[in-house]
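Q: Submitted below is the structure of interest, expressed as structure tokens.
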Amino acid sequence: MTNSHIFSPLTLRHKTLRNRIVFGAHTTNMAEDGLPGDRHLGYYLERAIGGAAMIVVEPMPVHAAAVLTRGNFRHSSDAVIPHFARLTEACKAEGAVMIQQLYHVGAHGDWDNSWHANWSPSGGPSYHDNDGSRAMSEAEIEETIEAFVKAALRCQAAGFDGVEVWAAYHCLLDQFWTPFSNTRTDAWGGSLENRTRFSREILRRIRAACGEAFIVGLAVSDDPATGVFPTRDEMVEIVSLHDAEGLMDYVTIGAGSYVDFQKIIPSFQYPENLGADLAERLKQAGVRARVTAEANIRTPENANTVVGAGQADMVSIVRGQIADPHLVTKAAEGRSEDIRGCLSCNQQCWGRRGRDYYISCLINPSVGHEADWGGDRFTRAETAKSVLVVGGGPAGLEAARVAAERGHKVTLCEAGPELGGQFRLAGLQPRRAQITDLIAWYERQLAALGVTVRFNHYLDADEIADIGAECVVLATGSLPQESGFQKALPQVAELPGVQSGSVWSSEDVMGRAARLGPRVVLLDEGGHWKGIGTAWHLAEAGHEVTIVTPDAMIARDLGRSATDFPARQTLARLGVGFVTESALVGWSSSGARCRSLLTGEEREIAAESLVLATGNRADGALLEELRARGLHVVPIGDAAAPRLAAAAIYDGRQVGLSL
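Be aware that the sequence shown starts at 1131, since it is given in this note's numbering, and climbs by one per residue.
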């Protein structure tokens, strides 16, 4: 059997897991007034239907001091019980073992959400903001331990099979473990025995309160590079100390910390299988608890390798099951080629969560909308129609796929020789080949669904009218602005000198149409991968690159996906120059004239070529012609309005569902 290691059952106390793949804990930010509602139910149920063996529902703060986000569930309240009971009953009926994570962030809480002072072992600083915390008294330590126990009892009453106690990323429990954040001299600090007393007492009391037929897990993380957190050897010692007392049934290994935040949700910029190293150390040390590896384990094949090599007993695939909730079932059926592979981009999962929205997914817009759209599955349309999709970028690909899934007869016409549009160009940037993998997935899906795909097939209004399709979907994309207009200088319609030559768009560069000199100025108004990835590509190709941006920092927009700092690190190592809070006021054969938006001071940047990574404009000519003829067409993606790929795929899904 393919992937046989991950599809062998596993006993976890009183439950038998149907396979070794876990859908691990992560904050979805879907709570409504602190309660799980229909959005939560649809989201988790789809992953249970999709085959996840164990689902660890996102963290429940155990105390007022533990609250971190607006989307946290209500702490210390029995009101959550019936709402969670509805969720656990539905998911358990589909064969999933249901766990809830319990957490307390200690020094890193957010009093603006909690309306409570932050507590910590020794009064350390928050790594979320500039607030501080207060060292806990013995009475407050006891109060917090009991809060964990009461939260576990609520989980049990709500039908959860167990709880996962969070001691990862430098939260309250591992703040106690770490000498950097625990300088106490009483029974809760000093020796390792004392520093682990808090967490061991929590686990011990949960077991006593909830009984033997209740799973207790422990979540930890691996962050040896910071220099202040426990080394891997020390983490083995800490976990082994808990394991020796039989305090937990499993331990989950993540990566990063609030100090090294980007590695918590590792993007494509990081190596895969980050959680496997410490997991393997624990297995080699003879830890009796089951070991789960997580952190950038993207595929069933990777998971199977980790389990098969004895590095872990289970593997948590979170973003992979966000991107494709039926990942497990498809892999079990030998259909790995049908899995919609995660891009590790973080744009709609962490990116939306970072903006205080409920999470979604760039490549799977059903995420967060399962309750409204019937999951990530399709029902056949009552009447099959002929559908013409004009344009093979991400919007057109998704529209064609979904329409065909619903039984319509679909033809997709692409003006160029291959599918993907500007999205394919993004996939040619360094380390972004997962995008071209996704386009190849679309090609396989369209072929299997019988979609007629015509390449090098530019259609004008007459040709579209002559085809006579019952539904016409226009996904013709957008075009780069060639004027050099900058939002920072709205009074200047065109960059002086932009017509003098050697000016290219990011699309020209990635499409290999640009003929660049050795020194390049890149004007980046978006702070996103369009400009940043192009600069990375150029620097790796040997060009001397200077990025000019009106933003206060390079890669500003990537901050929402926690990919900005690694991007700046990479660019800096490649020698890329950064000019922030500035605009261009002229271009000539000698280079760019740059003006500081802070002081108005101007300076020259010597360069032979200028690359514009600025806003695009919708390609609306064809739409206007068709509407003028009285034809009903639906513009989607950039043809409706230039946005990121997530919007294009969302539009494609919506129009496909509406036909």
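Cβ coordinates follow ideal geometry from the N, Cα and C atoms, glycine included. Remember, it's a predicted structure, so these values are computed and weren't measured experimentally.
#1: If you drop the 5 nearest sequence neighbours on each side, which residues of the same chain put their C-beta closer than 6 Å to that of proline 1455?
#2: Within 10 Å of its beta-carbon, does arginine 1531 have 16 or more other beta-carbons around it, so buried, or fewer, so exposed?
#3: Would you please state the rounded distance, in angstroms, between the beta carbons of arginine 1725 and glutamate 1734? I believe it to be under 8 Å.
#4: So alanine 1182 packs on valine 1458, CB below 8 Å; how close in whole Å?
#5: Between the Cα of isoleucine 1662 and the Cα atoms of Gln1478, Asp1687, Asn1403, which residue gives the shortest distance?
#6: Exposed or buried, which one is arginine 1703 when buried takes at least 16 other CB atoms within 10 Å?
#7: At 4 residues or longer, what runs of the alpha helix (DSSP H) sit wholly inside the stretch 1712-1772?
#8: Cα separation between glycine 1526 and glycine 1767?
#9: Quick check on this structure: which residue in Arg1411, Phe1553, Asn1432, Glu1535 has the alpha carbon closest to the alpha carbon of proline 1401?
#10: In this structure, does DSSP put tryptophan 1571 in helix, strand or coil?
#11: If I'm right that glycine 1721 touches alanine 1736 with Cβ under 8 Å, what's the distance once you round it to whole angstroms?
#12: If you run the structure through DSSP and keep just helix, strand and coil, what is serine 1138?
#13: Here's the rule: buried if 16 or more other CB atoms are within 10 angstroms of the residue's CB, otherwise exposed. What is threonine 1422?
#14: Buried or exposed for valine 1293, please, with buried defined as at least 16 other CB atoms from any protein chain shown within 10 angstroms of its CB.
#15: How far does the beta strand (DSSP E) with aspartate 1168 in it extend, from its first residue to its last?
#16: Mind listing, in chain order, the continuous beta strand (DSSP E) runs of no fewer than 3 residues lying wholly within the stretch 1627-1675?
#17: Report back the beta-carbon spacing between methionine 1683 and threonine 1664 to the nearest angstrom; my notes put them in contact at under 8 Å.
#18: Considering only C-alpha positions, which residue in the set Leu1619, Ala1623, Trp1634, Leu1171 is nearest to glycine 1730?
#19: Between which two residues does the beta strand (DSSP E) harbouring glutamine 1231 extend?
#20: For alanine 1265, which residues of its own chain have a beta-carbon under 6 Å away from its beta-carbon, when the five flanking residues on both sides are left out?
#21: Leaving out five residues on either side along the sequence, give the residues of the same chain with a beta carbon under 7 Å from the beta carbon of alanine 1501.
#22: If you check the beta carbons only, do glutamine 1231 and glutamate 1162 fall under 8 Å apart?
#23: Straight-line CA distance for alanine 1644 to valine 1650?
#24: Below 6 Å CB to CB, which residues in the same chain sit around proline 1798 once its five sequence neighbours on both sides are set aside?
#25: Could you check how far apart the C-beta atoms of leucine 1350 and alanine 1297 are, in whole angstroms? I think they sit under 8 Å.
#26: Would you call the stretch 1561-1574 in contact with the stretch 1667-1681, where contact means no fewer than 3 C-beta pairs closer than 8 Å?
#27: Closer than 7 Å by C-beta to leucine 1283: which residues in its own chain qualify, once you throw out the five before and the five after it? Chain order, please.
#28: Would you kindly work out how many angstroms separate the C-alpha atoms of threonine 1313 and histidine 1300, rounded to a whole number?
#29: Whole angstroms is fine: what's the gap from lysine 1145's alpha carbon to valine 1186's?
#30: Since valine 1197 and glycine 1239 are thought to touch, with beta carbons under 8 Å apart, how far apart are those beta carbons, to the nearest angstrom?
#31: Suppose the cutoff is 7 Å on Cβ atoms and the five residues either side in sequence are ignored; what does the same chain contact list for serine 1370 look like?
#32: According to the Cβ coordinates, are serine 1474 and asparagine 1426 closer than 8 Å?
#33: If we count Cβ pairs, one from each stretch, closer than 8 Å, do we get three or more for the stretch 1482-1498 versus the stretch 1712-1720?
#34: According to DSSP, what are the bridge partners of glutamate 1162?
#35: Taking cysteine 1543 and valine 1520 to be in contact with their CB atoms under 8 Å, please state how far apart those CB atoms are, rounded to whole angstroms.
#36: Taking 7 Å as the cut-off, is the C-beta of serine 1516 nearer than that to any heavy atom in the ligand COA?
A: Straight from the coordinates:
#1: To locate residue 1455, count along the sequence shown from 1; it is residue 325. The beta carbon of proline 1455 sits closer than 6 Å to those of Glu1176, Arg1177, Gly1180, Asp1506, all from its chain and outside the five residues before and after it, given in chain order.
#2: Start at 1 with the first residue of the sequence shown, and residue 1531 comes out as number 401. Within a 10 Å sphere around the beta-carbon of arginine 1531 sit 16 or more other beta-carbons, which makes this residue buried.
#3: Your numbering for residue 1725 matches position 595 in the sequence shown. Your numbering for residue 1734 matches position 604 in the sequence shown. Contact check for arginine 1725 and glutamate 1734: beta-carbon distance about 11 Å, past the 8 Å limit, so the pair fails to qualify.
#4: Here the question's residue 1182 lines up with position 52 in the sequence shown. Here the question's residue 1458 lines up with position 328 in the sequence shown. With a Cβ gap of about 6 Å, alanine 1182 and valine 1458 count as contacting.
#5: Looking up residue 1662 in the sequence shown gives position 532. Here the closest residue by C-alpha is Asp1687.
#6: Position 573 of the sequence shown, counting from 1, holds the residue named residue 1703. Classified as exposed, arginine 1703 has fewer than 16 neighbouring CB atoms from the shown chains inside 10 Å of its CB.
#7: Listed in chain order, the complete alpha helix (DSSP H) runs (minimum 4 residues) inside the stretch 1712-1772 are 1751-1758.
#8: Along the sequence shown, read from residue 1 onward, the residue named residue 1526 stands at position 396. Along the sequence shown, read from residue 1 onward, the residue named residue 1767 stands at position 637. Their Cα atoms are separated by approximately 8 Å.
#9: Taking the sequence shown and counting its residues from 1, one reaches residue 1401 at position 271. Closest option to proline 1401, Cα to Cα, is Asn1432.
#10: Position 441 of the sequence shown, counted from the first residue, corresponds to residue 1571. In the structure shown, the three-state DSSP call for tryptophan 1571 is helix.
#11: Mapped onto the sequence shown, residue 1721 falls at position 591. Mapped onto the sequence shown, residue 1736 falls at position 606. Contact flag correct, Cβ pair sits at about 4 Å.
#12: As a first step, residue 1138 must be located in the sequence shown, where it is residue number 8. Of the three classes helix, strand and coil, the one that applies to serine 1138 here is coil, per DSSP.
#13: Within the sequence shown, residue 1422 is the residue found at index 292, counting from 1. Classification for threonine 1422: buried.
#14: Counted from its first residue, the sequence shown places residue 1293 at position 163. Around the beta carbon of valine 1293, a 10 Å sphere encloses 16 or more other beta carbons of the protein chains shown; the residue is thus reported as buried.
#15: Sequence index remark: in the sequence shown, residue 1168 carries index 38 (1-based). First-last for aspartate 1168: 1168-1179, but that is the alpha helix (DSSP H), not the beta strand (DSSP E).
#16: As far as the stretch 1627-1675 is concerned, its whole beta strand (DSSP E) runs of at least 3 residues are 1633-1635, 1649-1654.
#17: Mapped onto the sequence shown, residue 1683 falls at position 553. Mapped onto the sequence shown, residue 1664 falls at position 534. About 18 Å separates the two Cβ atoms, so there is no contact after all.
#18: On the sequence shown, residue 1730 is found 600 positions in, with the first residue counted as 1. Across the set Leu1619, Ala1623, Trp1634, Leu1171, the C-alpha of Leu1619 shows the shortest separation from the C-alpha of glycine 1730.
#19: Position 101 of the sequence shown, counted from the first residue, corresponds to residue 1231. Per DSSP, glutamine 1231 belongs to the beta strand (DSSP E) from 1227-1233.
#20: As a first step, residue 1265 must be located in the sequence shown, where it is residue number 135. Cβ neighbours of alanine 1265 beyond the five flanking positions: Ser1252, Gly1253.
#21: As a first step, residue 1501 must be located in the sequence shown, where it is residue number 371. Only Asp1168, Arg1169, Leu1171, Gly1172 meet the Cβ criterion.
#22: Within the sequence shown, residue 1231 is the residue found at index 101, counting from 1. Within the sequence shown, residue 1162 is the residue found at index 32, counting from 1. Result no, Cβ atoms of glutamine 1231 and glutamate 1162 do not sit closer than 8 Å.
#23: Taking the first residue of the sequence shown as 1, we reach residue 1644 at position 514. Taking the first residue of the sequence shown as 1, we reach residue 1650 at position 520. Taking the straight line from one Cα to the other gives about 12 Å.
#24: Given a span of 1131 to 1789 for the chain in the structure shown, any question on residue 1798 remains unanswerable.
#25: The count along the sequence shown starts at 1 and reaches residue 1350 at position 220. The count along the sequence shown starts at 1 and reaches residue 1297 at position 167. In the sequence as displayed, the identity of residue 1350 is valine instead of leucine. For valine 1350 against alanine 1297, the beta-carbon gap comes to about 5 Å, under 8 Å, which counts as contact.
#26: By the Cβ test, the stretch 1561-1574 is not in contact with the stretch 1667-1681, since fewer than three Cβ pairs between them sit closer than 8 Å.
#27: Start at 1 with the first residue of the sequence shown, and residue 1283 comes out as number 153. Setting aside the 5 residues that flank it on each side, leucine 1283 is surrounded in the same chain by Ala1339, Cys1340, each with a C-beta closer than 7 Å to its C-beta; the list follows chain order.
#28: In the sequence shown, residue 1313 corresponds to position 183, counting from 1. In the sequence shown, residue 1300 corresponds to position 170, counting from 1. C-alpha separation (whole angstroms): 15 Å.
#29: In the sequence shown, residue 1145 corresponds to position 15, counting from 1. In the sequence shown, residue 1186 corresponds to position 56, counting from 1. Straight-line spacing of the CA atoms in lysine 1145 and valine 1186 works out to 14 Å.
#30: Taking the first residue of the sequence shown as 1, we reach residue 1197 at position 67. Taking the first residue of the sequence shown as 1, we reach residue 1239 at position 109. Yes, they are in contact, since the Cβ atoms of valine 1197 and glycine 1239 sit about 6 Å apart, within 8 Å.
#31: In the sequence shown, the residue the question calls residue 1370 occupies position 240. Excluding residues within five positions, the ones whose Cβ falls inside 7 Å are Ala1415, Val1417.
#32: To locate residue 1474, count along the sequence shown from 1; it is residue 344. To locate residue 1426, count along the sequence shown from 1; it is residue 296. In this structure, serine 1474 sits near asparagine 1426, with a CB-CB distance shorter than 8 Å.
#33: Between the stretch 1482-1498 and the stretch 1712-1720, the count of Cβ pairs shorter than 8 Å is below three; the stretches do not touch.
#34: Taking the first residue of the sequence shown as 1, we reach residue 1162 at position 32. DSSP, once it has assigned bridges, lists Leu1165 as partnering glutamate 1162.
#35: Counting from 1 along the sequence shown, the entry for residue 1543 is found at position 413. Counting from 1 along the sequence shown, the entry for residue 1520 is found at position 390. That pair is a contact at about 6 Å.
#36: Among the ligands in the structure shown, none appear at all, so the ligand COA cannot be discussed.
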